[in-house]
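Per the numbering used here, the sequence shown starts with residue 110, numbered consecutively.
The structure appears below as structure tokens.
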Amino acid sequence: MTKPVFSVVVTTYNHEKKLLKTLESLVGQTLKDFEVHIIDDGSTDNTKSVVDSFRGILDLHYYHQENWGGPARGRNVGIENANCEWIAFLDADDWWYPTKLEEVAKFLPGMDVIYHELDYFNANGPMRRGTNGRKLKNPFFEDLLMNGNCLSNSGVCARRSIIKRVGMVSEDKNLIAVEDYDLWLKISKISERFHYIPVALGAYWGGDGTLSSYSLNYIQRIKKITGNYLNQLEGAQKREAMQREKYIIARNKKALGDLTATADFFNIVVYSRSISLKMKALFFALTAFFRVKALRKFQTK
110 MTKPVFSVVV
120 TTYNHEKKLL
130 KTLESLVGQT
140 LKDFEVHIID
150 DGSTDNTKSV
160 VDSFRGILDL
170 HYYHQENWGG
180 PARGRNVGIE
190 NANCEWIAFL
200 DADDWWYPTK
210 LEEVAKFLPG
220 MDVIYHELDY
230 FNANGPMRRG
240 TNGRKLKNPF
250 FEDLLMNGNC
260 LSNSGVCARR
270 SIIKRVGMVS
280 EDKNLIAVED
290 YDLWLKISKI
300 SERFHYIPVA
310 LGAYWGGDGT
320 LSSYSLNYIQ
330 RIKKITGNYL
340 NQLEGAQKRE
350 AMQREKYIIA
360 RNKKALGDLT
370 ATADFFNIVV
380 YSRSISLKMK
390 ALFFALTAFF
400 RVKALRKFQT
410 K
């Protein structure tokens with residue numbers, strides 16, 4: 110039997126319905142040279158039954174662990190048990206299009222990380238074609254830190270050897286929801302063999318359309334990851350990375366109804382050197398400003 114090319118690592122927690130579609134997308138892959146490692150983070154639903162229904166159809170390895178509270182530990186279990194050099198990450202509520210692995214396989218030689226776009230879906234249907242991917246510019250570490258994460262977890266394949274070389278996925282619980290960004294930053298410090306495929310080869314599930322992804326915890330995690338790496342930049346690069354951090358935090362504050370976000374956006378417009386960041390901040394500053402103005406007008410009636 111030929112050794113597979115990819116080890117697909119899927120972490121899941123109480124996602125029986127979404128996981129079904131995820132695994133069906135693996136069955137439909139045109140390239141069949143892969144194994145699947147499913148790490149169940151203490152699910153209490155019928156996740157195992159869903160997994161069992163694919164035995165004999167997919168080359169499955171299933172692990173059930175006590176609930177850890179995030180995907181990092183599960184991803185590390187999958188990486189440790191993988192039989193292949195190439196790790197393909199896939200979240201249990203996302204799915205791939207049929208040619209995903211076939212397309213990625215074309216670019217394996219000489220690369221350490223291959224990433225592609227994902228279409229964005231939520232409960233209302235397709236919301237956006239393509240995520241926020243971009244081709245990284247040298248030096249990649251500075252680009253990632255200054256311009257933000259452009260690698261969506263379910264759109265990334267990376268060498269197992271380089272993931273292990275940088276210490277695996279961080280299990281610092283202060284980095285939950287940004288542990289993938291942390292991994293890309295660590296890899297970019299020792300390798301720039303990244304290849305970007307500017308085509309959506311899968312889909313990202315954005316949830317039910319609520320603001321659940323926005324939270325004060327997420328703001329603290331962004332501050333944590335920026336704080337971990339900011340001192341490795343100097344001068345203008347460091348200042349611009351700080352403006353990027355302020356922008357992400359302001360977006361979250363605005364979504365949470367914090368009226369101070371307006372001033373934060375205007376501050377970025379004044380001090381950022383990035384034209385694109387200035388324009389995005391100006392747009393949100395104006396929408397936040399008029400929202401506050403309308404609210405005050407309503408309150409005076």
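Ideal placement from N, C-alpha and C gives every residue a C-beta, glycine not left out.
>> Can you give me the C-alpha to C-alpha distance between Leu-391 and Val-308, rounded to a whole angstrom?
In response: Straight-line Cα distance between these residues: approximately 29 Å.
> At a Cβ threshold of 8 Å, is Glu-343 touching chain D?
Replying inline: Structure shown: chain D not included; a single protein chain is present.
> Does the region 373 to 389 come within contact of the region 345 to 358, defined as at least 3 CB pairs closer than 8 Å?
Replying inline: These segments touch.
>> Assuming Arg-182 is part of the alpha helix (DSSP H), what are its boundary residues?
In response: In the DSSP assignment, Arg-182 falls within the unbroken alpha helix (DSSP H) covering 181 to 190.
>> Just to confirm the assignment, what range does the alpha helix (DSSP H) spanning Ile-299 have?
In response: That residue, Ile-299, is in no alpha helix (DSSP H); it is neither H nor E in DSSP.
> Is Thr-319 helix, strand or coil when you go by DSSP?
Replying inline: Model confidence at Thr-319 stands at a pLDDT of 40, short of 50, so the residue's coordinates are unreliable; what they give is reported in the following sentence. Residue state, collapsed to three classes: coil.
> Along the chain, which unbroken stretches of the alpha helix (DSSP H) at least 4 residues long are found entirely within the region 346 to 389?
Replying inline: Within the region 346 to 389, the runs of alpha helix (DSSP H) at least 4 residues long that lie entirely inside it are, in chain order, 370 to 380.
> With respect to the beta strand (DSSP E) encompassing Asp-228, which residues constitute its N-terminal and C-terminal limits?
Replying inline: Annotation: the continuous beta strand (DSSP E) that includes Asp-228 extends over 222 to 231.
> What is the rounded straight-line gap between the Cα of Val-213 and the Cα of Glu-144?
Replying inline: If I take the Cα positions, the gap works out to 15 Å.
> Short check: CB of Leu-217 to CB of Gly-311, under 8 Å?
Replying inline: No.
> Where Glu-181 and Gly-344 are concerned, what is the direct C-alpha to C-alpha distance, given to the nearest angstrom?
Replying inline: Sequence check: residue 181 is Ala here, not Glu. C-alpha separation (whole angstroms): 33 Å.
> Apart from the five residues on each side of it in sequence, which residues of its chain come closer than 6 Å, Cβ to Cβ, to Leu-254?
Replying inline: Listed in chain order, the non-local C-beta contacts of Leu-254 below 6 Å within the same chain comprise Tyr-338 and Ala-350, local neighbours out to five positions each way being set aside.
>> Let's test the definition: count the other Cβ atoms within 10 Å of the Cβ of Thr-121 and tell me whether it reaches 16, buried, or not, exposed.
In response: It counts as buried.
> Where does the unbroken beta strand (DSSP E) through Glu-144 begin, and where does it stop?
Replying inline: 143 to 149 is the extent of the beta strand (DSSP E) around Glu-144.
>> With the cut-off set at 8 Å, would you say Arg-353 and Asn-283 are in Cβ contact?
In response: No, they are not a contact pair.
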